[in-house]
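**Q** In the numbering used here, the protein residues as written are 31 to 256. Mind having a look at this structure? Questions to follow.
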Ligand SMILES: CC(C)(COP(=O)(O)OP(=O)(O)OC[C@H]1O[C@@H](n2cnc3c(N)ncnc32)[C@H](O)[C@@H]1OP(=O)(O)O)[C@@H](O)C(=O)NCCC(=O)NCCS
């Protein structure tokens, strides 16, 4: 797959929607949108359509940050010409759009992002944290062959690997997938902003293209099933 358009900031496009942090027109049928959440729950609520189920879900959320993230995803959806009424969740919590497009959703602290595509896609955004070093053994295995624990890139690379595995998990959504045992991320350089990964599960080997970029201390990762 080829990128036919570079990432474009929303700054120039629409000053009123400043928190629309970034749009990546990855290819003619794939769009990634990132929101930097700065608005209150009330302000966001005024701007989005919510279906009944999601209204109840919102009311049940304990954290205000979670509510803001949830609502900001609806803002992103509306930026693409869809709204909450087009969205439904399956029994596993995986989001789907009515029609042929695939969607994946992520939120972490004050960032949220969606990917909408004709292809099978998954997305994840993660804060780069020292803490990831302590759990590296739980989700990495073959990756230790190329990771250098003493490198100052170690945390950033671990965050890419984690995000890639989450994004792949979101695509496949299969019970029993182990990040450590079933998903292998291939060797990569941070400045390449892409790599490959394989899922070995249930007697199948599935290949994925991974793309990533770093945003204000967060790592955004999205995966395409090949
Ligand atoms: C479900 C899961 C993928 C969510 O990821 P997360 O990093 O916690 O949270 P994110 O913000 O990135 O993603 C949340 C979104 O993922 C989507 N999602 C939830 N369950 C999903 C599933 N089964 N499949 C695909 N997408 C799913 C939802 O859209 C959700 O947001 P929303 O409910 O507000 O719409 C994750 O919690 C999970 O279960 N991972 C696999 C378990 C695992 O193996 N963990 C690590 C072992 S070392």
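Built from N, CA and C at the ideal position, the CB exists for glycine as well.
(1) Give the secondary structure of residue 47 by DSSP, where H, G and I count as helix, E and B as strand, and everything else as coil.
(2) For ligand 1, is there any heavy atom lying closer than 7 Å to the beta carbon of residue 217?
(3) Taking residue 152 as part of the beta strand (DSSP E), name the residues at either end of that continuous run.
(4) What is the DSSP secondary structure of residue 96, reduced to helix, strand or coil?
(5) Restricting to Cα atoms, I'd like to know which of 97, 181, 256, 210 is closest to residue 219.
(6) Out of 146, 228, 123, 171, point me to the one whose CA is closest to residue 130's CA.
(7) Can you tell me which of 67, 111, 56, 116 puts its alpha carbon nearest to the alpha carbon of residue 26?
(8) Extract the residue ranges of the beta strand (DSSP E) inside the segment 139-214, only unbroken runs of 3 or more that lie entirely within it.
(9) Any heavy atom of ligand 1 closer than 7 Å to the CB of residue 137?
(10) Given that a residue counts as buried once 16 or more other Cβ atoms are within 10 Å of its Cβ, and exposed if not, what is residue 122?
(11) What is the residue span of the beta strand (DSSP E) that residue 80 lies within?
(12) Helix or strand or just coil, what does DSSP make of residue 239?
(13) Just the Cα atoms here: how many angstroms apart are residue 45 and residue 51?
(14) Should the segment 138-155 be regarded as contacting the segment 97-104, the criterion being three or more beta carbon pairs within less than 8 Å?
**A** Concretely, from the data shown:
(1) The pLDDT assigned to residue 47 is 49, lower than 50, so where the model puts this residue is not dependable, and the model offers no usable value.
(2) no
(3) Run containing residue 152: 151-157, per the beta strand (DSSP E) assignment.
(4) Taken through DSSP and simplified to helix, strand or coil, residue 96 comes out as helix.
(5) Of 97, 181, 256, 210, the residue nearest in Cα terms is 181.
(6) 146
(7) No answer is possible for residue 26: it lies beyond the span of the chain, which begins at 31 and ends at 256.
(8) 141-147, 151-157
(9) Residue 137 Cβ: within cutoff of ligand 1.
(10) Residue 122 is exposed by the Cβ-count criterion.
(11) From DSSP, residue 80 is part of no beta strand (DSSP E); its letter is neither H nor E.
(12) strand
(13) Summary for residue 45: the model assigns pLDDT 41, below 50, so the residue's position carries little reliability; its value from the coordinates is reported in the next sentence. Each residue's Cα considered, the two are about 11 Å apart.
(14) yes
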